[in-house]
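Input: a single structure, listed below in structure tokens.
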Amino acid sequence: MALLSVEHLTKHFSLGRDIGAVLRRQPSSWIKPVEDVTFSIGEGEILGIVGESGCGKSTTCNLISKLDDATSGKILFDGEDVTHLSKTALARYRAQVQLIFQDPFDSLNPRLKVFDIVAEAPRALKLWDEAEIARRVPAMLALVGLPPERYAQRYPHQLSGGERQRVGIASALVPEPRLVIADEPVSMLDVSIRAGVMDLLRDLSTRLKFSCLYVSHDLSILTHLCDRVMVMYLGQLVEVASSHDLVNSPRHPYTRALVAAVPVPDPAYRRQPVEIMGELAKPVDPPPGCRFAPRCHLAMPQCSETPKMIEVAGRHTVACHAVVE
Amino acid sequence: MNQKSVKVPAVPLARGRAVRWAGVLRRELSNNFRIIRADRLGSFGAVVIVIAALVAVFGPWLMPHDPYESLRMADGRMAVLQRPSWEFPLGTTNLARDILSQMIVATRTTMVIGLVSGLISIVIGANIGLISGYYGGRVDNLLMRLTDIVYGMPFLPFIIVLISLFGRSIGFVMLAIVVIVWRTSARVVRAQTMAIKQRQFVAFAKARGASDMRIIYRHIAPNILPLLLLYTSFNIAWAIVTEASASFLGFSDPNAITWGSILQDLWASGYTRSAWWWFIAPSAAIVLLVSAFVFVSRAYEVVANPRLGDR
Amino acid sequence: MLLEARNLRVTYRTTEGDVRAVDGLDLAISESEVFGLVGESGCGKSTVVKALFRLLPPTARIEADVLRFRDHDLLTMAPVRFRREILMREIALVPQSAQNSLNPVQRVGPQIIEAIRAHSTASTAKARERVAELFDIVGLQSELMERFPHQFSGGMRQRAMIAMALAFEPALLVMDEPTTGLDVLVQERLLGRIRKIRQRIKSSILLITHDIGVIAETADRVGVMYSGRMVESAPTTALFAASQHPYTLGLKNAFPSILELGRELISIPGSPPDLSNPPKGCGFSERCPFALETCHAQRPALLKVGSDHLSACIRTAEIEYMRDAASKKLTWHS
């Protein structure tokens, strides 16, 4: 059974109207950042979500981590419906599902010491008493490569970006979560530091036995780290495949363009870019059906009906009318 | 280095919180020395405040005469309207009272009123600002409407009403001051809270399971502390001026001696133009102490707005 | 030689002492080439740009043995003369987050027209013609001249800034992190556009970035910066196929590639040195797995190690051994 299962997850919110629009009887605009997303994560799996800005990957993270509420759809954790939770149930959920943030310079409270930052989850959730926390926090700091004697009493501004991100990871892992959602954790770090943090995450996921939902706009990083990768465009899931299949045989026209656009650190390699028309739109009042259709050279009249996710190869699914033809 | 084994084992959370806040305050104070020392006017202000505090605490034991007593001079005459001399360093009033002693007692009263009103108003203002800024929506609307109403309230009529209804007392002066003074800090703290709420470390705390109260008081509040200290200083300055105005106008307890009341006595006696020594002491004291608090606030502006420090 | 710098030093005076942001940089750009300057945060590449364009605060000091553009000595040139003759006309800048450099309350076309008229005697009509031409070069439709910046997408704004920079067909176009912050597809379009521009205009481009993939695709020659200095400089193919500096080797290890999914990424342990207290010897020595005593004590000079290939490492003679060892994780993380 999957650890996390998401079914038809949707998030809509409406923009208010100004007085002019009210008088003209214009309907309010709706922003629809996540539209009918269905996927699941297994035990010990690292699943990646890739997409450009506005594709809904960060909103999906917020919905799953419950920093935001879904408009419709279901979230099942370990078989239990967690879409709507009471306060106590939410506390229990938070102990199992944690979040790693993107900005190492903004995600740590500048007034708290590293020890207190890492101890935040067990304290806020009242998991253990202070004596137990005093044992576990230094152990976790050591596990992420920050010797507690040197780091526990320091403040975030005394640490480098990579070190801060490790503090963030330690603080997410202390409550022993079963699922960790990582929202672009290395995108603000230097290239030479990224590999270390990514490897740390992968090692710990095996050692501490948690699954990981890794969100990024960088396909190179995702395919390196993740077992499977999902591609999102403007709130819709368009393709899911293993890293290898996604890169070597992408099926959806958007994925193809995406893969073809990734720069490769090899001057001898001649990329074959796939041109797509138009510009990335915002998910405001989108037309029904496939949201990539306006830019797709394979667009057909049927595309006004949202395509279903169909399996085209082993564990490789695509949502596109043109592909299944 | 030292191990972080915690000094408070399975103890009620309240006590642990108190210990932590004590640590936070201690850190703030040591920070403060650095900030104030860096700014020359601020240092001057701090020195003045310390002197005033010392006078307030120890003065009454060291004052030469009873401030209420009509005194006689060496030759037996009443020491009425004496100029400053060795015996009466700040001169005497028309009722032969020693102005220096009056000033010393008044310092204590003024400081107490100023500090207490200033601090209470900051506590109220900060909490309202934090809660309003964090929750937004209806709570925010309600609290801000309340603040707006208070903004509309003029000080003088308000205190006149209070006094007409309940009689003259220092308590009412303080009440009136607190009611008037908390509104600015509430506004400012609310704005700052709203800005900090967007920072990623607040989402971080939420994701770790922190309740709203915990986020407000453990995560957001420490980050507005520098701003709070700035406004505390400001509020105290304001409270002192307001109190002086109130007692000058005769709205305070007639038995209490404050700098404003000394000026009131002067005014009532009609000797304003001639007894310059009687006039200078309390006026200078008010100006000096209020400026001192303002200078210290300005030293804090650097903390609230770091770019000012790049001069 | 179009632009030449030798031993360029930029020092900031701060309340905590002097910070050497650029500490002895050697740079050489020829006509009609794309030179990629690559480095991570804190290496000094942004400071180099600021130094070139005189955008440094008054607390900064520029020194160099040589800082020459064609036959103009940039070090001693008066600011007024620089602004009149060199800026925009010979050297132009597309700044970092160029997308935010446009005035939001003015239409885009007029902004560029203004810039052109500020640096020349052209009439408004002529300037407008030129802007239309520039828009064509960067692939923007001419109607967009009458639109406001918020009506442009990120990539389009970037191209508008490039158009402005190309107004006088400068001999050197400096692009500071042009693709940072852009989505992959937009980045792709921009790089393609830069390729097309090169076919029409003979300008050289100094492309500053931290993205090795972009460099590999776009640059003819590459310079790798670390801790305020140039540590390796070579034609792109040579730099990637036959690197001659441990830092370059480390960088390549750390950069993922979708063509090599199975390759293990190796990070470089430690972090860049504190520039307010720069190390005596080689800036990379503290993190280098091949560092010797001499490396910590003495600065290596940037020396020729092949035809048109420079490296600042005293152990380049053992480069074969170093390349082999660097590919193993244990070398870096023992």
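So the sequence lines, in the order shown, correspond to chains A, B and C. Numbering-wise (the working numbering), the first sequence opens with residue 506 and increments by one. Numbering-wise (the working numbering), the second sequence opens with residue 16 and increments by one. Numbering-wise (the working numbering), the third sequence opens with residue 10 and increments by one. Glycine included, every Cβ here is placed at the ideal spot set by N, Cα and C.
If you check the beta carbons only, do residue i and residue j fall under 7 Å apart?
i                 : j                 : result
Ser85 of chain B  : Ala111 of chain B : yes
Arg166 of chain B : Ser200 of chain B : The question names Arg, but residue 166 of chain B in the sequence shown is Tyr. In this structure, Ser200 of chain B does not lie closer than 7 Å to Tyr166 of chain B by Cβ.
Glu512 of chain A : Lys579 of chain A : yes
Val183 of chain C : Leu215 of chain C : yes
Lys562 of chain A : Gly740 of chain A : no
Pro758 of chain A : Leu803 of chain A : yes
Ser534 of chain A : Val789 of chain A : yes
Ala101 of chain C : Pro158 of chain C : no
Pro812 of chain A : Cys825 of chain A : yes
Thr245 of chain C : Pro799 of chain A : no
Leu785 of chain A : Glu635 of chain A : no
Quick check on this structure: which residue in the options has the alpha carbon closest to the alpha carbon of residue i?
i                 : options                                : result
Ser316 of chain C : C:Ile121, C:Ser242, C:Pro265           : C:Ser242
Val58 of chain C  : C:Met165, C:Ser252, C:Leu12, C:Lys261  : C:Leu12
Val779 of chain A : A:Leu508, A:Asp771, A:Ala765           : A:Ala765
Glu152 of chain C : C:Val223, C:Leu46, C:Asp32, C:Gly118   : C:Gly118
Ser697 of chain A : C:Ala87, C:Glu25, C:His219, C:Met170   : C:His219
Asp750 of chain A : C:Gly259, C:Ile267, C:His254           : C:Ile267
Leu105 of chain B : B:Trp293, B:Leu304, B:Leu240, B:Asn250 : B:Trp293
Leu713 of chain A : A:Leu664, A:Arg775, A:Val649, A:Val752 : A:Val649
Val602 of chain A : B:Ile277, B:Phe219, B:Leu115, B:Phe308 : B:Phe219
Val823 of chain A : A:Met737, A:Leu604, A:Cys717           : A:Met737
Trp274 of chain B : B:Trp253, B:Pro169, B:Arg123, B:Ile235 : B:Arg123
Phe715 of chain A : A:Ser591, A:Leu630, A:Pro682           : A:Pro682
Gln105 of chain C : C:Ile71, C:Arg230, C:Arg168, C:Pro67   : C:Arg168
Pro793 of chain A : A:Thr588, A:Pro653, A:Gln807           : A:Gln807
Phe216 of chain B : A:Arg761, A:Leu590, A:Ala700, A:Phe610 : A:Phe610
Trp101 of chain B : B:Pro79, B:Leu240, B:Ala252            : B:Pro79
Pro169 of chain B : B:Val196, B:Tyr149, B:Ala225, B:Leu158 : B:Val196
Gln607 of chain A : A:Pro690, A:Pro770, A:Val817, A:Tyr656 : A:Pro690
Met97 of chain C  : C:Glu40, C:Asn109, C:Ile171, C:Gly53   : C:Ile171
Starting from residue i, trace the alpha helix (DSSP H) both ways and give me its first and last residue.
i                 : result
Ile192 of chain B : 185-212
His305 of chain C : 302-306
Asn238 of chain B : 236-263
Asn156 of chain B : 152-167
Tyr232 of chain B : From DSSP, Tyr232 of chain B is part of no alpha helix (DSSP H); its letter is neither H nor E.
Leu630 of chain A : Run containing Leu630 of chain A: none; DSSP gives neither H nor E here.
Lys813 of chain A : Segment: none, Lys813 of chain A is in no alpha helix (DSSP H) and carries neither H nor E.
At which residues does the beta strand (DSSP E) containing residue i begin and terminate?
i                 : result
Ile834 of chain A : Limits of chain A in this structure are 506 at one end and 830 at the other, which puts residue 834 of chain A out of reach.
Ile580 of chain A : 577-582
Asn286 of chain C : Looking at the DSSP string, Asn286 of chain C is not in any beta strand (DSSP E), and its letter there is neither H nor E.
Ile71 of chain C  : 69-72
Thr804 of chain A : The sequence shown places Ala at residue 804 of chain A, not Thr. Careful: Ala804 of chain A lies outside any beta strand (DSSP E) and carries neither H nor E.
Ser519 of chain A : 509-519
Thr340 of chain C : Premise fails: Thr340 of chain C lies in the alpha helix (DSSP H), 338-341, not in any beta strand (DSSP E).
Gln603 of chain A : 602-605
Leu86 of chain B  : Here Leu86 of chain B belongs to no beta strand (DSSP E), and DSSP marks it neither H nor E.
Find the residues of chain F that neighbour residue i, judging by a C-beta separation of less than 9 Å, and give them in chain order.
i                 : result
Gln807 of chain A : Of the chains in the structure shown, none is chain F; the protein chains are A, B and C.
Fill in: Segment contact, 8 Å Cβ cut-off, at least three pairs: the region 543-555 of chain A with the region 524-533 of chain A
no
Worksheet item: Quick one: complete alpha helix (DSSP H) runs, 4+ long, within the region 102-129 of chain B?
Response: none
Discussion item. Using 8 Å as the cut-off, can you tell me whether the region 280-287 of chain B makes contact with the region 19-33 of chain C, which would need three or more C-beta pairs spanning the two stretches below that distance?
Written reply: At 8 Å Cβ cutoff, the stretches do not touch.
Item to complete: Go through the region 215-247 of chain C residue by residue and report every complete run of the alpha helix (DSSP H) that reaches 4 residues or more, in order.
Response: 221-227
Practice prompt. Tell me the start and end of each unbroken beta strand (DSSP E) in the region 693-760 of chain A that is at least 3 residues and wholly inside, in chain order.
Written response: 716-721, 733-738, 741-747
Worksheet item: Can you find at least 3 beta carbon pairs, one from the region 307-314 of chain C and one from the region 754-772 of chain A, that sit closer than 8 Å?
Response: They do not touch, by the three-pair rule.
Worksheet item: Is the number of C-beta pairs between the region 187-202 of chain B and the region 171-178 of chain B that are closer than 8 Å three or more?
Response: Because the criterion of three Cβ pairs below 8 Å is met, the region 187-202 of chain B and the region 171-178 of chain B touch.
Item to complete: Go through the region 262-305 of chain B residue by residue and report every complete run of the alpha helix (DSSP H) that reaches 4 residues or more, in order.
Response: 274-284
Discussion item. Three Cβ pairs or more, each shorter than 8 Å: is that satisfied between the region 671-682 of chain A and the region 616-626 of chain A?
Written reply: At 8 Å Cβ cutoff, the stretches touch.
Discussion item. Check whether the region 51-70 of chain C and the region 11-30 of chain C touch, using three or more Cβ-Cβ pairs below 8 Å as the test.
Written reply: yes
Practice prompt. Entirely within the region 112-178 of chain C and at least 4 residues each: give me those alpha helix (DSSP H) ranges in chain order.
Written response: 117-127, 133-147, 163-174
Worksheet item: Is the region 294-303 of chain C close to the region 218-238 of chain C, with three or more CB pairs under 8 Å?
Response: no
Discussion item. Whether or not the region 90-101 of chain B and the region 57-73 of chain B are in contact is what I'm after, with contact meaning three or more pairs of Cβ atoms, one per stretch, closer than 8 Å; do they touch?
Written reply: no
Discussion item. With three or more C-beta pairs closer than 8 Å as the rule, is the region 590-607 of chain A touching the region 685-699 of chain A?
Written reply: yes
Worksheet entry | alpha helix (DSSP H) runs wholly inside the region 18-104 of chain C, at least 4 long, in chain order | Under the rule that a run must span 4 or more residues, the alpha helix (DSSP H) segments found entirely inside the region 18-104 of chain C read 54-61.
Discussion item. Three or more C-beta pairs under 8 Å: does that hold for the region 254-273 of chain C against the region 319-326 of chain C?
Written reply: yes
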